[in-house]
Structure formats: structure tokens, C-alpha cells
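Asks:
Numbering (UniProt numbering), first residue to last: 1 to 294.
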């Protein structure tokens, strides 16, 4: 290999790294600015807005914004409500959507093609089209009040109204369906010859080999529920069941200090980043492990 060719390769790699770093800075800067602004008084935020010092800690950094945030808003209960809604949706949604996809991909039953067509059709229907009919339905459904044991009509102003309608997700069903189609039928036939039923095959044969798609579905479901705004605004009108995104709008109306708003936004963004980073690492390990085994 000639010296000029090797030099061109090194220059190309350096250019690639430089472009990647530049893109990373461009995409990360707004989020880094938000986190930094959460520790600054409002006047300092605007004074540093056009300089690199906007991200550099200095003597003006303080926790006063976070103290004021907890004093002015019920962010603790909002975080708890969002955590419950998101985690229940992830855990239950993975089983419901994967079970539906398994039935569509690997079982034979009448109406299977029609059911798959409905799932695919739902992918192109925006939620805004279904929001009003769904609101009318949940407002008439019965529920048992845990505190009194009495049957009440209507799911409004509750936690379960925010996740039960979204446990079945058409995109996640189709995602699992595409993965299950590639699972060899011979693997399932071997399990059937050993006396395993459909439920046993689903739980012990199919689910253990689909970790990458489980992680992908978990990320999709968690981000969708944590960032949900329209549906909670329509169905929840009291603070007891309010989630963080609606709480952000409420908090914005209670303060004029941008430092406090940035602190609130930073705090509700942090769980999303941690969840995504944790599952991203697991996803990479699952893909690498599957490649090695293959």
C-alpha cells in the first residue's frame, strides 16, 4: 500500500470523526443548555445565551431552581404517576403485543388474515382521529373503586385510563410479527413433539429468543407513554392522577422564572435518558450475542 493511499485513508477517518463530533455537538447542545440553565438564575441564563459559558459551571450555579420547583408544583406525585403509567404499559404491553403477534405469525385460525389487515390499517390511523370516540367509551365504562369497593361508572381522573387503552399497540404488534415470522417453524414443531402447547411454546421457546425486539418495543412504549400529553389533558382534570407532561404546562403557568422551568424540564427528561441508555446497552449486547451464536 502506497504512502499516499494510507494518508488518504487516515484523512478520511479524521474527517468522518470530525463530522460525527460536529453532529453530536449540534444535537446535544440544546439538551446540555437546558440542564445547565436549570442551575442558573434567569438573568444569568439570558446573559450567557450567546456564549460558550452557557454550559460552563460558575459561581452563579445554584439549586434554588430545584427547590422552588418542588415548592411550587407537585412534581413528586407527577413523576410517580408517569412512572406507574409508563412501566405498567411497558410490562403488560410487551406480553399483550407479543402474544397477539405470535398468534398472527405462528398459529392457524379463521380470520387471521383479516386481523393482520386491521393491525396494519391501524398503523396509518393517527391517534387524534380515535381520541374523541375513545373518550366517550372510557367515560361510560365501569370500574371498581378500591377504597370503597363500590362499582363506579367512568374512568376519568384515574391512572388506569391513561394506560389501559394503550396496552395494545399496533406498531409493536407488527414489530413482533415481523420478528416471529423469521423464527424457524422447525423449532416450534420440535417443541410440539415434546408435548408443549401454544402457551408453553410462546413463553419458553419464542420469547427467550426475541430479546432485541422486546427491548425495542419497551423503548417505544416507554417513550410514548412518558411523553403523552393529549390524552391525559382530555381525561385527567385533577392533580391526583396528573402526569409530568401535563404538570409541565401547569407549572409553566405558575412561574415566570426560566431557570425553574428549565429545572423542571431537566428533571422530567432525565428518566427518559436513563431508560433509553440502559436499554440501548442491553439491546447492543443482545444483537452481538445473537450474531455470535448464529
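Glycine residues also receive a C-beta, built at the ideal position from the N, C-alpha and C atoms. From a predicted model like this one, the values you see are computed outputs, not experimental measurements.
#1: Report all residues from its chain with a CB closer than 8 Å to the CB of residue 196; omit the five preceding and five following residues, and keep chain order.
#2: Bridge partners for residue 142 per DSSP, in chain order?
#3: With C-beta atoms as the reference, is residue 174 less than 9 Å away from residue 123?
#4: With 16 as the cutoff for other CB atoms within 10 Å, does residue 242 come out buried or exposed?
#5: Taking residue 61 as part of the alpha helix (DSSP H), name the residues at either end of that continuous run.
#6: When the Cα atoms are used, what is the spatial distance from residue 82 to residue 159?
#7: Beta-carbon within less than 6 Å of residue 61's beta-carbon, same chain only, minus the 5 sequence neighbours each way: which residues are those?
#8: Within 10 Å of its beta-carbon, does residue 48 have 16 or more other beta-carbons around it, so buried, or fewer, so exposed?
#9: Can you name the start and end residues of the alpha helix (DSSP H) that residue 185 belongs to?
#10: Just to confirm, are residue 104 and residue 198 a CB contact at a threshold of 9 Å?
#11: Inspect the beta-carbon positions of residue 222 and residue 98 and report whether they are closer than 9 Å.
#12: If I'm right that residue 202 touches residue 102 with Cβ under 8 Å, what's the distance once you round it to whole angstroms?
#13: Since residue 89 and residue 234 should fall inside the 8 Å C-beta cutoff, what is the C-beta to C-beta distance between them, to a whole number of angstroms?
#14: By DSSP, does residue 168 sit in helix, in strand, or in coil?
#15: So, under 8 Å CB-CB, residue 37 and residue 259 are touching, yes? Tell me the CB distance rounded to an integer number of Å.
#16: Let me see if you follow: with CB-CB separation under 9 Å, is residue 76 close to chain B or not?
#17: Taking the straight line between their C-alpha atoms, what separation do you get for residue 51 and residue 44?
#18: Under DSSP, the alpha helix (DSSP H) around residue 226 begins and ends at which residues?
#19: Spatial neighbours of residue 11 within its chain, please: C-beta separation below 6 Å, excluding the five flanking residues on both sides.
#20: Skipping 5 residues on each side, what residues in its chain have a beta carbon closer than 8 Å to that of residue 76?
#21: Please report the Cβ distance between residue 170 and residue 119, rounded to the nearest whole angstrom; I am assuming they are in contact, meaning their Cβ atoms lie under 8 Å.
#22: What are the boundary residues of the alpha helix (DSSP H) that includes residue 297?
#23: Considering only residues of the same chain and omitting the five flanking positions on each side of residue 86, which have a CB-CB separation below 6 Å?
#24: Taking the alpha-carbon of residue 236 as reference, which of 186, 163 and 121 has the nearest alpha-carbon?
#25: Hey, how far is the Cα of residue 187 from the Cα of residue 63?
#26: Quick one: residues in its chain with C-beta nearer than 6 Å to the C-beta of residue 66, no 5 flanking neighbours on either side, listed in chain order?
#27: If you measure between the beta carbons of residue 209 and residue 78, is that distance less than 9 Å?
#28: Which residue's Cα is closest to the Cα of residue 94: 178, 42, 200 and 213?
#29: Taking residue 230 as the reference, which of 220, 244 and 218 has the closest Cα?
Replies: Per the coordinate set shown:
#1: Within the same chain, residue 196 has close Cβ partners 204 and 205.
#2: In the DSSP assignment, the residues bridged to residue 142 are 153.
#3: Yes. Within cutoff.
#4: By the 10 Å Cβ count, residue 242 comes out buried.
#5: According to the DSSP assignment, residue 61 belongs to no alpha helix (DSSP H), since it is labelled neither H nor E.
#6: Spanning the two alpha carbons is a distance of roughly 9 Å.
#7: So the list reads 39, once near-sequence residues are dropped.
#8: With 16 or more other Cβ atoms within 10 Å, it is buried.
#9: Per DSSP, residue 185 belongs to the alpha helix (DSSP H) from 185-193.
#10: Against a cut-off of 9 Å, the Cβ pair of residue 198 and residue 104 comes out as no contact.
#11: Contact flag unset, no.
#12: Cβ-Cβ separation between residue 202 and residue 102: approximately 5 Å, consistent with a contact (criterion under 8 Å).
#13: The C-beta distance from residue 89 to residue 234 rounds to 17 Å, too long to fall under 8 Å, and the pair is not in contact.
#14: In the structure shown, residue 168 sits in coil (DSSP, three-state: anything other than H, G, I, E or B).
#15: Between residue 37 and residue 259 the beta-carbon gap is near 6 Å, inside 8 Å, which marks them as a contact.
#16: Note that chain B does not occur in the displayed structure, where there is just one protein chain.
#17: Straight-line Cα distance between these residues: approximately 12 Å.
#18: That run of the alpha helix (DSSP H) goes 211-226.
#19: Counting only Cβ-Cβ distances below 6 Å, and skipping sequence neighbours, we find nothing.
#20: If we look at residue 76 and ignore the five residues flanking it on each side, its Cβ neighbours are 70.
#21: In this structure, residue 170 and residue 119 form a Cβ contact; the two beta carbons are roughly 5 Å apart against a cut-off of 8 Å.
#22: Because the chain spans 1 through 294 in this model, residue 297 falls outside it and cannot be assessed.
#23: Non-local C-beta neighbours of residue 86 in its own chain, meaning closer than 6 Å and more than five positions away in sequence, comprise 222, 225 and 226, ordered along the chain.
#24: Its Cα nearest to that of residue 236, the residue 163 stands out among 186, 163 and 121.
#25: Each residue's alpha carbon lies about 57 Å from the other.
#26: The answer, listed in chain order, is 263.
#27: At the C-beta level, residue 209 and residue 78 stay beyond 9 Å of one another.
#28: Selected option, being the one with the closest Cα: 213.
#29: Its Cα nearest to that of residue 230, the residue 244 stands out among 220, 244 and 218.
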